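Please read the structure below before turning to the comments.
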Amino acid sequence: MPTTSASHATSWRSPFLLGLLVLAIGAILLAIYHYFTGDDAALPVQAVAQLKPVPTTLTEVRVGLAELPLRVNSYLLTQTHDMVGPYVRPEAAWALLGLFAASLAAFLAVVSTLERPAFVASMAGVIFLLMSLNADLLGVFNSQEQYFLILALAALGLPAYAFHAFWTEVPLGRRLLVFGVLVAGLSALLLARSNFSSDETALHLTSFATLGGAVIVGLLVLWVAFENIQGLLWFNTQAENPASRFGLLPFVASSVLYLGILGMYLWNGGELLILPGVRFDPLVLLLPAVVIGRLGLQRRAASYGDLVPYWPAAAHLYLIFVTLAAGFLGYAFATANDPLLLAARQFTALTLLIGGTAFLLYVLVNFGPLIRQRLRVYRVVYEPRRLPLYAAYVLTIAGLAALEFRYNFETLHQVQAGYYNNLGDLTRLQSELDPKGDALALLAERYYAESDVLDEHNHKASLGRAALYRYRLQRQNEINILRRALSRRSSEKVSLRLAALYNEPTDFFDRLAALREGLKSTPASASLNNDLAQLYTRSTLTDSVMWYLTRAEAAAPNSPVVQANRLAYLLQLEQFGEAQKLVQQENKATDAAWQSNVLLLSQLHPSNTQSVPALTPDAAANLTVPEFARLYHATLRQVQQQDTSYLKPLSQLAQRPSNSAYFEQLTFLKALVQHYGGRAVSAQATLLPLAVGATPSAAYYQNVQGLWLLEQRAYGSAATRLAEAGRNGYAEARLNRVYALALNQQLDSARAVAQAVVQGPDSSLHQPAHGLQQLLSLNFNSQYATASDSVKTQFVVLRGNSPYLDTLLHYIVNITNPRYREVALLEQLPRALQKGQLATVQQLLTRFHPEPTQDKTATASAWNVVRGELLLRQKKAAELNQLAEKGFFLPIDQPKRLYYRAAVAVLENQPKLAQQLFTQLVREAPFEEAGILAAADFYTQQRDYQTAYSTLQSAVEYNPESISLLKAYTLAAIPMGLTEYATTSLDKLRTLLSPPEYATFRTTYGARRATQDSVVAPWN
């Protein structure tokens, strides 16, 4: 019986009902959220970065006029798209289980107040729903027996029957509390005793509840099948003033329009375009139907009140069913389970069409004349006089049954396919969590195959099988299953995934076909247009690249992916002016890919005036490819500025396991920062692990080590390292070795290597090697005077240690080109100082560089080094100290500054300060040969033979090919009594010195040893 208006007003103040209303609204909002976000969460499309190496020159090692490049790979970063997943959604499963548990407790509390037939029918539904969960398979007690099911039925069924039969006066609130505690207890027991993780347990329960959830959704759709027609009836007849009410024709017209839209949707096979880009979805019509159904529920009690009273039963049960239906629909959206969603859409459209048509006939037969009279028919619509309401339900159910039979129960098969999809997701997750889960993977594939049979080539099953194949690296199987999925219906995401699989150079046309097919169905897809543009960058069709990039920008004007790709393409074409304009127009300060390409632009086009993005590295970051590329380019920029602020973050990032893919590059960047920041020894130690081996990669790092040693004037060690790099496949190292050999006065070896390079396969090295060959073969007496200034200069640089030192200085002074003359002087004056020609050097310094300048240039630093050497040999301590304190020295020349300061301390008789500075010099610059020898002499004069020996030992370990160091080290071993170590050094010197030179040194060594033996003889 319908309740009175007073009782209806009182019911809305019930906390129980208000709580259920809030729960139902929350479930609906959650379903709406998953409607818009579920597909992207389960099947996300991600930008996939590709790094294309761009050979660049970081800096040059100058050997006179020659510039030996230190080459590094910069990276042009482009991005395509790929669909990842499908992901399982444990959080969505937990949300559904929470709604299910709350609804179950509320349902039991309400049905325990019903009459016996309704109570029995309701409890039967609960029993079947609990049975469908298959909770005993979780191993709570015994997975082979249904003990937990029996416990659950007893724990919930017996109290429900007790409230129904014996404790009938207990209010709803207390009943809800009892059943809430029971449901919570059973849930806790299930989670505590389950043999699986909590997420697997949640997914298990929601997967097996799929069929029960489908039944609940179907019952709700049947209940509200004609509520939208009732809403139209209310709208037409609700006005207080009869003149403001609509008549029969507007009501029929609006109803026919509503039903016609549903009919067109079904006629077109589930596709109906309302507006451009807006497709009709019958599930959207459920929302107003549910709202109208709740508002008219009390009035509708005239049709169901004899079986279930409105209060307290129907008022609460309706909200419970809405909550459960919204929860299961939301879960289907969250998991992108397309068979379930297709079944829901198809069943909803059919039910709303058939039920709406039946209800329209019911209204016209019973109330047509009254509507024509513009009476308020909606008040009595459930009190028919001719055709009963159940006749409309009979027609609806009969129509649905006939259509389902006609189409071979398609909806039922789709629901079953969705059920198997959920089981497949659960089993696939378990197989991925278990390294030995091949049997589970096969079972998951069987579930997906069963789903595929029931709903052929549905995307959920196809993508699940594709994920199994991808996890096991079965690329061709994945391609085949994705093709089958696209044969069912087009999908932007599946097309992107299929195109991403065609990643081999020979797959160009297959990838082109996949992207074009995707564009046919979604021509406004920014992702597909962008990827097609990136594909065409591998061809010469530049117009196609710009065309599809423009289309992608039109579809997604603010897409950082598209803008970064456009900038990358301009850089690829070396259109730096256009790239500069694009950088000025766009402001993508936070996008890593964009910033990486902007930094690359500043490196390739140094005249770029656009400010480069500032970057503060996050030492705790798990680097993505764009973030790595941005950090890489930013670090190269810091290296060129001799900034060491990135040193600590680079060390920490390289140590993170998540960044292991970038370990080699991060280590190399750290070595670069160290070397060009003035920490040369640490840089060599950092680079050493990368330079071990005979691989092309090791050869590259060996060449870098050789260039650094060449820069530090450790020519012998540089030649050895470069020879190793050349043998391991780095061709340019052989040319660099020619310079090292020539500077080490090994001219015959240099000529032989130059000849080998000229005859080698690398044609790019032939011309510079041929020029070197001519220079090394130039006859000083007959050819030098007529040579060009550049040849004269390079001759001085490479062969200035020839017997023609005085004559060379005369020729240098007469070189007309100021730059060439300066280069030659800077190379030759230190040699003149070694020969003791202090007056000549002083004269030339006064003439060409009289006073130290404040310029912070490489040339100014080189002049300061020469001036310091002169002052040191002149023993002018005050002037040398002033130069060391105020003069400019490059980081590579900082060891010279340190050496001069130590020498000043020695000259001023400050042994403690000298010892401190020499200790620092040995630690930071063991390659500074003159400084190391001076330190050894200082310690020897202090009779600290142990420190002198260890100083030379450290230097020889760093620069084992230095003749001067080896001689000093051999002699330093004598007072230490370590003559067996000296034997090794002597053998090394035998290979480095000419026979006369070795004989002379051997005589010196023998005399020193004899003297030492005579000193220690009395003690023996």
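So for the sequence shown, the working numbering puts the first residue at 47; every next one is plus one.
From the three backbone atoms N, C-alpha and C, an ideal C-beta is built for every residue, glycine too.
The structure presented is a predicted model; accordingly, all values stated were derived computationally and were not measured.
Contacts around residue i, its chain only, beta-carbon distance under 8 Å, and the 5 residues preceding and following it disregarded
i     : result
S697  : K716
L435  : S349, Y408, Y428
V799  : R780, R783, V784, L787
T56   : At T56 the pLDDT is 48, less than 50, meaning the model places this residue with poor confidence; the figure from the coordinates comes in the next sentence. Cβ neighbours of T56 beyond the five flanking positions: none.
A831  : Y857
A147  : V229, A230, S233
W1065 : Any reading at W1065 is ruled out, since the residue's pLDDT is 48, under 50, leaving its predicted position unreliable.
R1048 : L1032
Y1051 : T1016, L1017, I1020, A1028, L1032
A52   : Legend: pLDDT at A52 = 40, less than 50; position of this residue unreliable, no value from coordinates given.
Bounding residues of the alpha helix (DSSP H) (the contiguous stretch that carries residue i)
i    : result
D556 : 554 to 567
S828 : 826 to 829
F973 : Careful: F973 lies outside any alpha helix (DSSP H) and carries neither H nor E.
I861 : No alpha helix (DSSP H) contains I861, which DSSP labels as neither H nor E.
V440 : 435 to 452
G144 : 136 to 157
K921 : Taken as a continuous stretch (DSSP letters only), K921 belongs to no alpha helix (DSSP H), as it is neither H nor E.
A181 : Run containing A181: none; DSSP gives neither H nor E here.
G376 : 361 to 380
W213 : Counting along the chain, W213 falls outside any alpha helix (DSSP H), and DSSP gives it neither H nor E.
L510 : This sequence places Gly at residue 510; Leu is not what is there. Its alpha helix (DSSP H) spans residues 505 to 517.
E770 : 761 to 773
I307 : 294 to 313
P695 : 693 to 701
A255 : It is not in any alpha helix (DSSP H) - A255 carries neither H nor E in the DSSP assignment.
Q8   : Only positions 47 to 1066 of the chain appear in this structure, which leaves residue 8 out of reach.
Q992 : 991 to 1004
Same chain, Cβ closer than 7 Å to residue i, neighbours up to 5 away in sequence not counted
i    : result
G775 : P742, A745
I525 : L544, L547
L917 : E925, L926, L929
Closest residue to residue i among the options (Cα-Cα distance)
i     : options                 : result
Q730  : G752, A740, G739        : G752
D794  : F187, Q819, P807, D808  : Q819
A208  : L197, L879, L195, V224  : V224
A614  : W593, Q641, S590, A93   : Q641
P415  : V298, S1000, G339, A815 : V298
R1055 : H651, L1039, A1028      : A1028
R530  : A507, W213, L265        : A507
L734  : G723, E710, R108, A980  : E710
L872  : K881, F894, D852        : F894
F187  : L237, A680, Q276        : L237
L578  : S567, L410, V591, K566  : V591
E161  : F212, D182, H127, L142  : F212
D664  : Q720, D501, S691        : S691
Terminal residues of the beta strand (DSSP E) in which residue i lies
i     : result
E106  : 91 to 109
Q651  : Just to set this straight, residue 651 is His in the shown sequence, not Gln. Taken as a continuous stretch (DSSP letters only), H651 belongs to no beta strand (DSSP E), as it is neither H nor E.
E113  : 112 to 129
I1020 : Where I1020 is concerned, there is no enclosing beta strand (DSSP E), given that its DSSP letter is neither H nor E.
I320  : 319 to 321
Neighbourhood of residue i by C-beta, 6 Å cutoff - its chain only, sequence neighbours within 5 removed
i     : result
E770  : Q748
A1071 : Here the chain covers residues 47 to 1066 and nothing more, so residue 1071 does not appear.
S60   : none
H80   : G376, F379, A380
R312  : Per the sequence shown, residue 312 should be read as Leu rather than Arg. Cβ within range, chain order: A395.
L64   : none
Local Cβ density within 10 Å of residue i, reported as buried at 16 or more and exposed below that
i     : result
E1003 : exposed
E273  : buried
H856  : exposed
T1057 : exposed
T586  : exposed
I861  : buried
V778  : For the sequence presented, residue 778 should be read as Glu rather than Val. That one is buried.
G338  : According to the sequence as given, residue 338 is Ile; it is not Gly. So I338 ends up on the buried side.
V118  : buried
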